[in-house]
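Okay, so here's the structure we're looking at.
2 protein chains.
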Amino acid sequence: MKTHIAIDVGGTQLRAACYPSDSVIPLKLNKITTQSSDATPLERLTALISSIWPDGQEVAAIGLAVPGPTNPYQGIIYTAPNIPGWDNLPLVGLLQEKFNVPVFLGNDANLAALGEWQFGVGRGHHHLLYLTISTGIGGGVILDDRLLLGMHGLATELGHITLVPDGPLCGCGKRGHLEAFSSGTAIARWVEQELAAGKPSTLPSNQKLSAREISAAAQQGDALAKAAFHRAGTYLGIALANYLHAFNPSIIIFGGGVSRSGELLFAPMRAILREQVISPQYLADLTITTAALGDESGLMGALALARSGMM
Amino acid sequence: MKTHIAIDVGGTQLRAACYPSDSVIPLKLNKITTQSSDATPLERLTALISSIWPDGQEVAAIGLAVPGPTNPYQGIIYTAPNIPGWDNLPLVGLLQEKFNVPVFLGNDANLAALGEWQFGVGRGHHHLLYLTISTGIGGGVILDDRLLLGMHGLATELGHITLVPDGPLCGCGKRGHLEAFSSGTAIARWVEQELAAGKPSTLPSNQKLSAREISAAAQQGDALAKAAFHRAGTYLGIALANYLHAFNPSIIIFGGGVSRSGELLFAPMRAILREQVISPQYLADLTITTAALGDESGLMGALALARSGMM
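Next comes the structure, spelled out in structure tokens:
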């Protein structure tokens, strides 16, 4: 029987699994830290792949979900945040030479969209928008049953849409992007600034906060924490209206840790979305939901990629 | 020989042509005003189609480019600006019943993108972004050699992206959209407001201006007129950066009367675009150009649609 290998490459963890052709239950699964003192991330990755290589069975293809901008057509990682040395890395070529099977890679947010479409809550949809909201904001879009990649595979950088020119600084170095308003980092920074300005809150001032702590405080009724999520959800709704006008999807799927704050974020988002769409038709038959695969979405997307070999 | 009929439906003019299967030179071409006192626009449209019906040759299909939001899957026009009574009009069904051939329709900006991709300056590109800038701003996108339509055919309403929440009023009734900054209407309104506030200019105050007059004044060196195009071009560049991040196209094509102002609009647009992209890769191998088909783009797109029958 032919098998496929899926790999989720993160800055802190590498996860790999080998799947039979007819199931999403792995034959073998292994995870290791990405970085260590005795080997490079690339050496650790190849060792991990060897560790889950199936005994006596053929591997048809390897699929990899990698962080940061990639060129899936050329199999190159432009930059991988938090993995030193992975700049313009021809990962597909290196792994194909080592393992002698076809290798495909994709941006992790793109592949999470593919994973949810193939195996998760997006099954049966032809036009799907996926947004992951955690420290940053990433996205993936399926249109007409195809992953949207664009000329160099750099499409759907959905965190980097300008909502307010000269607005707050974004993780990318530009200003006023969605990510600078609605990511976990942005939520924490705004609360820290408000606390420094003397706003009352149960949250401690003069220290680094996390979106998770702020979410917990908001659940307890803290007004400043609630205002932070209201602000983040409002800008998220403005961005989503733009994306409805651009893509007209039938489903929007939210992944990432910050989306676990639920209605704190989604209630203001839905309210502004209804105001902002230029026609109620955009909301007709539109499903808005959270990801079904959770932390598995990247691995499942890499599996879908390995099986389809679409890039 | 099989022929195809293409129709461009505008608020003021209806144009129709019949083409042989191997050429873009029409066998018959006719145009009439959309509205008259003695017949409805639909009656005029069917009479126009009859007037160019080929003698002794089969018509394989009819394609129509129509203004405003449409559902190309269902063949319905939701609303057609400037054509009274065309609300939720099942035009495809009506024409198929009348002429007994397959009928396809699409939004005119979408079909202009298709026309430029098939017959114009976009030939050979797989990922194309088309923007028409005239009284309003419309758009069309080709991705992976397919027209982007979305669930209900309402995708790529590219004039209606929010650039400044609570910004100037847009033609759609919402605020701060690209169309509210960079359309001909927006350019004229801004100049009229500046003149009313006493700004010096060679342009007359207290009267309606057109973007064409303002463009002419700018070419003559009028500072206010130049500032108007600089402002419009700057917001256009911010929007384009968003669209590069969303679609990563290999070509951007500008149509519409305002784009004939050329460098007045495009010089500030390119300057801000270089600042705004999150990676220079988005500009690598990117062509930015103006439409080759001009006023024919809608008709050519309708022909491409009739021949492909893609919706």
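Quick mapping for you: the protein sequence lines, in order, are chains W and R.
Counting in our numbering, the final residue of the first sequence is number 311, and the numbers go up one at a time with none missing.
Counting in our numbering, the final residue of the second sequence is number 1311, and the numbers go up one at a time with none missing.
Where a beta carbon is used, it is the ideal one built from N, C-alpha and C, also for glycine.
One finds Arg1146 in chain R with Cβ atoms closer than 7 Å to the Cβ of Asp144(W), taken in chain order. Within the region 1017-1057 of chain R, the complete alpha helix (DSSP H) runs of at least 4 residues fall at 1041-1051. Per DSSP, Lys1098(R) has no beta-bridge partner at all.
In this structure, Gly1173(R) and Val1164(R) do not form a Cβ contact; the two beta carbons are roughly 16 Å apart against a cut-off of 8 Å. Counting C-beta atoms within 10 angstroms of its own C-beta, Tyr282(W) has 16 or more neighbours from the protein chains shown and is therefore classed as buried. With contacts defined by Cβ atoms closer than 8 Å, Val1141(R) and Thr1162(R) do not form a contacting pair. Arg15(W) carries a strand assignment under DSSP once its states are collapsed to helix, strand and coil. Glu116(W) is positioned such that its CB atom lies closer than 8 Å to that of Ala292(W). C-alpha of Arg307(W) to C-alpha of Gly301(W): approximately 10 Å in a straight line. Cβ proximity to chain W below 7 Å picks out Cys1172 and Lys1174 from the region 1171-1190 of chain R. In the pairwise beta carbon analysis, the region 92-111 of chain W is classified as touching the region 54-69 of chain W: at least three pairs are separated by under 8 Å.
Of the other Cβ atoms in all chains shown, 16 or more fall within 10 Å of the Cβ of Ala241(W); this residue is therefore buried. Residues of chain R whose Cβ lies closer than 9 Å to the Cβ of Leu163(W) are, in chain order, Thr1162, Leu1163, Val1164 and Pro1165. Rounded to the nearest angstrom, the Cβ distance from Gly138(W) to Gly120(W) is 16 Å, too far for a contact under 8 Å.
For Tyr1130(R), the enclosing beta strand (DSSP E) stretches over residues Leu1128 to Ile1133. By the C-beta criterion, the region 267-285 of chain W is judged not to be in contact with the region 75-95 of chain W, since fewer than 3 inter-stretch pairs fall below 8 Å.
Relative to Leu1224(R), the option among Tyr1235(R), His1245(R) and Ala1196(R) whose CA is nearest is Ala1196(R). Fewer than three Cβ pairs drawn from the region 1203-1223 of chain R and the region 1234-1251 of chain R lie within less than 8 Å of each other, which leaves the two stretches out of contact.
Rounded to whole angstroms, Ser1201(R) and Gly1167(R) show a C-alpha spacing of 25 Å.
With respect to chain R, the C-beta atom of Tyr73(W) has no partner C-beta closer than 8 Å. Note: Phe254(W) is bridge-paired with Leu131(W) and Thr290(W) in the DSSP secondary-structure output. Taking C-beta atoms under 8 Å as the contact rule, Ile251(W) and Leu128(W) qualify, at a distance of about 5 Å. Taking C-beta atoms as the reference points, Leu111(W) and Leu1148(R) fail to come closer than 8 Å.
Where Gly1138(R) is concerned, the enclosing beta strand (DSSP E) starts and stops at Ile1137 to Leu1143. For Asn1206(R), the three-state secondary structure derived from DSSP is coil.
Contact annotation: Val1258(R) and Gly1171(R) have beta-carbon atoms that are not nearer than 8 Å. Distance from Thr34(W) to Gly11(W) at the Cβ level is roughly 6 Å; contact confirmed, criterion being Cβ atoms closer than 8 Å. Beta-carbon to beta-carbon, Lys1028(R) and Pro1054(R) are separated by about 7 Å, close enough to satisfy the 8 Å threshold.
Residue state for Asp87(W) is assigned as strand, using DSSP reduced to three classes.
The beta carbon of Asp1145(R) sits closer than 6 Å to the beta carbons of His1126 from its chain, once the five residues preceding and following it are set aside; these are given in chain order.
Within chain R, no C-beta atom comes less than 8 Å from the C-beta of Ser308(W); the nearest is roughly 14 Å away. In the three-state DSSP reduction, Thr1070(R) falls in the strand class (E or B). Within its own chain, the residues whose Cβ lies closer than 6 Å to the Cβ of Gln1118(R), once the five positions on either side in sequence are excluded, are Ala1304, listed in chain order. Chain order gives the chain W residues near Thr1156(R) as Ala246, where near means a beta carbon separation below 7 Å. Residue-level contact by beta carbon fails for Pro1102(R) and chain W, as no gap is shorter than 8 Å.
Taking a contact as a CB-CB distance under 8 Å, the pair Pro81(W) and Ser1279(R) does not count as one, their CB atoms being some 13 Å apart.
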